């Protein structure tokens with residue numbers, strides 16, 4: 034390979050250069066701004082993480098895995114996964130190979146950073162055709178073919194999304210359409226340009242035959258320049274619109290991954306990390322199908338993809354609507370390719386709201402609660418919602434008695450709220466006030482274990498509370514221990530349950546297996562079509578501020594329909610809210626985990642004594 | 028206001044009032060605050076109309092106020108009342124007329140309770156015998172002194188020298204009535220005209236040429252409330268209730284208030300002074316208050332008695348504008364003179380409300 | 024020859040019974056005191072819960088009983104047992120012998136003037152539910168101002184009131200009050216409407232929906248407290264006092280119109296009739312049925328049957344259903360005898 | 025003396041023995057006609073309906089709280105409520121019965137308004153037993169009744185002349201206004217008080233008050249004066 | 036001014052002629068379901084905050100119509116949402132409270 038053009042320059046690279054400089058400076062500016070908006074300690078944390086070898090490896094691996102290969106998407110939908118990784122990885126490889134070529138053959142041009150992009154125009158095939166050269170040429174064509182196949186799929190998806198098993202996709206805006214068509218144009222144009230140049234620069238299995246075909250009826254030399262121009266212009270267009278389209282997610286995600294790995298959290302829905310998340314949203318629309326609110330084609334425009342879009346547009350009215358409606362079930366976060374934290378974004382958005390009146394619990398007397406709490410080693414906290422489902426507390430108590438546990442039910446006659454409903458409503462300060470009161474009661478009780486049955490409270494106690502010396506344990510774990518320690522014995526009934534993973538327990542706390550194991554020992558168990566991480570919110574969630582009763586009913590029914598697919602006799606769950614919500618419409622019995630265990634357990638205390 | 032509707036109700040509540048031979052018992056409060064009103068009652072009954080009205084020096088309080096101040100048990104008040112009846116029986120009378128509304132209500136209530144619980148009546152007879160060695164018959168007729176004046180209202184009108192009419196314009200004066208709560212609220216059938224639209228005072232006013240005006244808080248208590256007045260700490264209750272009444276009657280611009288209760292005229296009169304002191308507000312014309320009269324005072328005025336014989340000088344609210352309107356002649360200089368024109372000084376005049 | 028059935032009372036119960044008796048081939052004879060059929064319903068404008076026009080309803084019924092004998096402005100002078108029949112003598116000299124007599128003499132509206140503290144007949148702006156229906160029909164009543172700013176409805180006037188001599192609930196007043204409140208709001212959308220209630224007894228189909236409508240769509244205010252006293256202000260409006268029992272505070276409001284929901288009380292004429300032939304009277308003053316569960320239409324005398332509000336407070340659909348039931352009972356009685 | 029000594033087993037049953045209660049309490053439907061026109065509800069934190077409602081629960085604990093509270097002492101016994109009740113109750117009568125029980129059990133000393141029973145008893149029974157009247161010029165001091173106005177100050181300063189001008193027979197023999205009631209009649213009143221529990225009531229009120237005064241660290245005069253004059257804000261709505 | 040040792044006290048009667056319901060009307064505009072509350076008390080009965088304070092949403096909605104101070108009640112709400120679960124009229128009580136927090140202007 035030899036340099037064909039002495040100056041190493043042609044005006045057609047200008048559009049590309051312009052686009053490239055624009056997008057790079059935009060991103061640079063963006064990065065600076067995001068860092069600027071982060072609190073000082075977060076910036077420090079982030080910068081330190083960048084020199085931590087472990088995190089570096091992690092970052093590189095995750096960027097490769099998520100940004101190039103789209104492993105998650107593969108898992109979710111092979112066709113979609115292929116489409117994305119073909120384009121992303123293919124393009125990345127083309128750029129990488131371009132650099133290798135420059136490095137190998139014209140190392141003096143390495144500083145001209147358009148060279149790897151337009152390599153084939155600037156070089157001519159030398160007489161010394163090397164294995165390296167032809168291998169690179171082959172790889173170039175290979176990856177271009179891969180990309181083109183991805184583009185074809187993208188075109189098909191655009192026309193017929195069902196083909197990909199997607200029911201809904203986000204509707205792109207005009208700029209996004211321009212970006213999309215520019216992206217589609219880049220690679221066919223590159224193919225054309227390289228094909229027209231292949232008789233000079235050489236090529237491989239794609240470009241050389243194409244060159245041959247074209248030469249049969251076209252003067253290649255004449256067409257060569259315009260196609261390179263077109264290629265450059267397409268690149269320019271794409272890069273110029275990129276910051277204003279969903280394709281911004283490409284650079285943003287590369288920033289997002291290190292920042293997430295550095296442990297940065299969203300502190301403000303409009304600044305810093307949140308902004309990065311918003312820009313990282315690829316608008317793929319996976320969250321639309323996942324969202325439980327989208328049942329019966331309702332609330333379609335209230336999913337996270339629309340939240341990020343409205344946040345980019347600054348449509349305050351819609352931002353508020355979308356933020357307030359969400360159930361905060363967390364499923365969009367789970368399915369999201371770039372892990373945009375839809376629920377957290379919304380909670381922080383709610384926190385920005387100005388209220389003229391603030392909660393004030395200073396007049397609340399916790400003395401009676403403190404007194405109640407100071408009698409046992411194990412403190413049982415049933416949570417306020419369980420007062421509407423008294424069977425849970427009674428069953429827990431019955432099991433504890435059977436197991437001979439020295440316990441006290443601290444909120445038997447009603448206790449303070451754990452603070453989660455306040456937190457999710459964006460009232461963190463008020464939540465803290467309640468948390469302090471609960472902390473005082475719990476720490477002052479002398480107990481060493483806090484047993485929690487409500488997953489909403491459990492999440493709160495494990496994540497937000499500061500309870501040194503106290504083991505916070507979910508009842509599914511605790512009961513498993515009691516079984517293991519042979520303090521209670523479970524007997525299998527001939528009922529078959531399907532376990533509904535409550536949002537706060539599964540996606541919220543990562544507890545999926547313990548309840549299933551316990552139920553499995555007490556009855557047979559079946560699985561619903563969507564379960565575990567994919568579990569569908571019951572619709573009763575306190576997360577939503579605005580959903581009406583009728584709207585929730587639709588969601589509950591849809592969630593029940595999913596559970597019915599298991600053909601189980603009864604539904605099991607482990608959340609008072611799910612229990613109460615399902616019980617309202619279910620055609621079969623709904624039981625809490627504690628109820629099932631209580632019914633199937635017997636005490637071993639007498640034998641042991 | 029549909030007058031026919033009221034008249035129909037009035038006609039539904041007529042009680043039988045014998046024309047003569049009454050056994051008279053006095054009122055603690057009236058003797059203290061409106062002594063001349065009781066004087067006027069005996070004057071009208073005995074002298075003007077020539078009726079038989081008997082009073083014994085041995086009768087006492089009925090204990091009603093002490094009872095409603097919760098200071099004496101029910102049996103005590105009942106036995107005091109039984110003693111009063113015994114005095115009547117001993118004097119050979121069977122028509123019983125108390126001067127006090129609290130007493131009247133007390134008697135009605137006790138008679139009703141005895142009627143419902145005869146064992147209690149027996150117990151009281153026993154108590155009375157034990158304590159006083161007396162026996163009694165229950166009165167055949169029980170009326171309040173205002174019932175009698177109502178009964179004789181036309182006879183009084185026939186002898187009237189003045190009418191409740193504005194001398195200048197010939198228009199009837201606008202009079203607001205205030206009925207003592209214990210007159211008919213407990214037993215509507217015991218009052219002339221019932222509990223809602225009592226006619227006992229309205230009848231007098233109409234008969235004497237005036238026009239009765241109704242206002243939304245007409246039925247509201249003056250605020251006496253027994254313990255709510257007798258204990259200083261509670262008097263805010265008392266004045267506030269009167270205030271409420273005056274605020275409600277203010278737009279109607281009444282020329283005077285007529286009452287049949289012992290405490291009410293005192294409270295409606297004095298609280299006007301207190302309200303004026305505390306808020307600066309007066310309810311009559313030109314900084315005066317609205318004069319409040321007992322029915323005997325009103326009768327005395329139209330019969331042409333000297334206002335100072337009627338004890339009108341003991342009102343805090345000036346009565347002179349009212350007297351002037353009717354055209355009653357009086358000697359302003361004689362207002363505060365004692366017996367036989369003895370000079371016993373004059374009261375200080377308050378600044379907050381115009382007085383003479 | 025067709026069997027005579029005497030129906031005493033030409034209200035909605037009597038009319039419906041006549042219609043059904045005609046279908047079964049009897050000869051119904053309606054005796055009505057007034058100069059028209061339809062009873063209380065004929066004075067009403069619209070009926071809850073469907074806002075049915077009472078006049079259309081009655082017109083329809085009238086057309087269907089053209090073949091019945093109707094004596095208007097007629098009273099029963101006496102009624103005697105005559106073997107297994109009854110001899111009914113009317114005040115126009117007519118004598119009817121019938122094997123079955125249906126008493127459908129209905130109810131009286133409580134005389135609101137008896138609740139003196141409400142000032143019906145004393146204060147200019149106090150009317151009854153019946154007066155308001157009459158106004159809906161004719162739009163002429165000097166007591167109703169052109170643009171009332173505030174209107175109040177007093178539930179339970181003469182009902183659930185031992186002092187008024189009626190312990191019974193009149194059943195229809197709650198729903199009627201809500202219906203009339205909505206109608207007032209439709210005519211005067213800017214008017215504030217207050218309903219003073221003790222309990223809202225909305226037991227029938229669609230009644231609760233009425234309530235929700237009145238709250239949500241018409242903004243009618245419901246105040247839980249029985250009106251204690253009404254007074255007249257200087258500008259002839261009425262000042263109403265009640266306790267707002269839900270806040271535990273006395274409450275007052277000045278209104279341009281106060282509508283008293285007069286309840287149902289027994290028809291004194293019915294009691295005269297009952298004495299003539301020895302029918303049992305219940306302690307609420309209404310006729311006493313054999314029992315109050317299963318045989319409400321049957322009296323203590325064979326051949327005498329009841330329908331409608333002569334035995335207690337009833338809604339229109341209940342009355343109509345009872346009339347049909349009574350006709351069936353009569354039919355069984357006559358065919359089995 | 026101990027409150028527990030004479031505490032009846034069941035307060036509700038005790039109330040049921042009272043004739044005022046028998047007459048005044050039947051069944052309550054919480055309609056509020058009583059409160060609507062109640063002069064006390066107008067100015068105090070007070071709702072007679074709730075009193076009847078509490079009594080209707082027959083819950084002794086609640087009744088005891090009531091007997092010890094200021095609540096039962098707000099009523100002015102005007103009996104306006106009696107006229108209105110659709111269930112023929114007399115809330116005012118129920119309150120008289122409650123007050124009577126509170127006095128008998130000494131519960132009245134537990135509340136500010138209840139403690140006023142001592143000065144009231146002294147004024148009322150003093151007037152009755154000393155003069156035969158409930159109100160008497162000798163005990164009606166202008167200093168304690170400034171609201172009676174300057175005219176009354178003048179009247180009391182020239183009491184005998186003024187009363188004579190009004191035609192009274194003040195402290196005189198025979199019938200007439202403010203006559204002296206003969207001693208034998210006063211003796212009869214005293215006998216009635218002795219026989220019917222009136223004297224005993226005075227003793228009970230004084231004894232419980234004395235105990236309370238000690239508890240509050242006051243001498244009797246100070247205690248009585250405070251009961252007569254002091255009014256805290258807590259009774260009012262604002 | 037003479038010191039009598041007592042004074043006029045303010046009436047506790049709710050006067051609907053003069054009561055200021057601006058806040059209630061504003062609430063109804065934003066949360067029309069506020070109107071269909073029937074004061075059944077389910078919200079208060081299930082309220083987490085009620086056992087520790089005077090919180091009662093039923094009373095809050097009523098108090099707004101009577102222009103009484105709702106702040107002491109409202110400020111104790113813990114937003115636990117049980118009231119929404121139990122409301123027989125399916126009112127989104129929790130959001131109603133948040134709206135009140137927002138528009139409260141006394």
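Protein chains in written order, with the working numbering: chain X, 34 to 642; chain R, 28 to 383; chain Y, 24 to 360; chain H, 25 to 262; chain F, 36 to 141.
For every residue, glycine included, the Cβ atom is placed at its ideal position computed from N, Cα and C.
Treat the numbers as computed from the prediction; the structure is a model and nothing was measured.
Query	Result
Take residue 267 of chain X as the anchor and find which of X:544, X:558, X:38 and X:46 has the nearest alpha-carbon.	X:46
Which residues, in order along the region 84-101 of chain F, keep a beta-carbon less than 7 Å from a beta-carbon of chain X?	86, 87 and 88
Please state whether DSSP places residue 490 of chain X in a helix, a strand or coil.	helix
How about residue 99 of chain R and residue 225 of chain H: do their beta carbons lie closer than 8 Å?	yes
List the residues of chain F that residue 304 of chain R touches, going by C-beta distances under 8 Å, in chain order.	36, 37 and 39
In whole angstroms, what separates the C-alpha of residue 132 of chain X from that of residue 221 of chain X?	21 Å
Measuring alpha carbon to alpha carbon, tell me which residue in X:414, X:522 and X:422 is nearest residue 490 of chain X.	X:414
Determine, using beta carbons only, whether residue 210 of chain R comes closer than 8 Å to chain Y.	no
Would the region 204-214 of chain H count as touching the region 82-91 of chain R if we require 3 or more Cβ pairs under 8 Å?	yes
Kindly give me the distance between the Cβ atoms of residue 113 of chain F and residue 467 of chain X, rounded to whole angstroms, as I take these residues to be in contact under 8 Å.	6 Å
Give me the DSSP bridge partner(s) of residue 161 of chain H.	Beta-bridge pairing links residue 161 of chain H to no other residue.
Go ahead and pull the three-state DSSP assignment for residue 546 of chain X.	helix
Is it buried or exposed for residue 185 of chain X, if we count other Cβ within 10 angstroms and need 16 for buried?	exposed
Whose CA, out of R:146, R:95 and R:151, lies closest to the CA of residue 102 of chain R?	R:151
Can you tell me which of F:65, F:99, F:105 and F:50 puts its alpha carbon nearest to the alpha carbon of residue 90 of chain F?	F:105
Taking Cβ positions only, does residue 108 of chain Y come closer than 8 Å to chain H?	no
For residue 195 of chain Y and residue 226 of chain R, what's the separation of their Cα atoms in angstroms?	36 Å
Kindly indicate if chain H contains any beta-carbon less than 8 Å away from that of residue 47 of chain F.	yes
I'd like the list of long-range same chain contacts for residue 81 of chain F, defined as Cβ closer than 8 Å, with 5 residues on each side in sequence excluded.	117, 118, 120 and 121
Can you find at least 3 beta carbon pairs, one from the region 204-224 of chain Y and one from the region 166-186 of chain Y, that sit closer than 8 Å?	yes
Would residue 28 of chain H be called buried (16 or more neighbouring beta carbons within 10 Å of its own) or exposed?	Legend: pLDDT at residue 28 of chain H = 49, less than 50; position of this residue unreliable, value from coordinates given subsequently. Residue 28 of chain H comes out exposed.
Spell out a yes or no on whether the region 94-109 of chain H and the region 339-355 of chain Y are touching, meaning 3 or more CB-CB pairs, one atom from each, closer than 8 Å.	no
Report whether the distance from the Cβ of residue 321 of chain Y to the nearest heavy atom of the ligand ATP is below 7 Å.	Looking for the ligand ATP in the displayed structure turns up nothing, as the structure carries no ligands at all.
Quick one: grab the DSSP three-state call for residue 310 of chain Y.	strand
Hey, residue 183 of chain Y and residue 115 of chain H are a contact pair by Cβ (cut 8 Å); roughly how many whole angstroms apart?	Not really, about 18 Å apart at Cβ, beyond 8 Å.
Let me make sure I understand the geometry here. Which of X:385, X:93, X:579 and X:528 has the alpha-carbon closest to that of residue 621 of chain X?	X:528
Which parts of the region 173-240 of chain H are runs of the alpha helix (DSSP H), unbroken and 4 residues or longer, counting only runs that do not cross its ends?	173-181, 183-189, 207-220 and 222-239
Unbroken beta strand (DSSP E) runs of length 3 or more, entirely within the region 57-144 of chain R: which are they?	122-125
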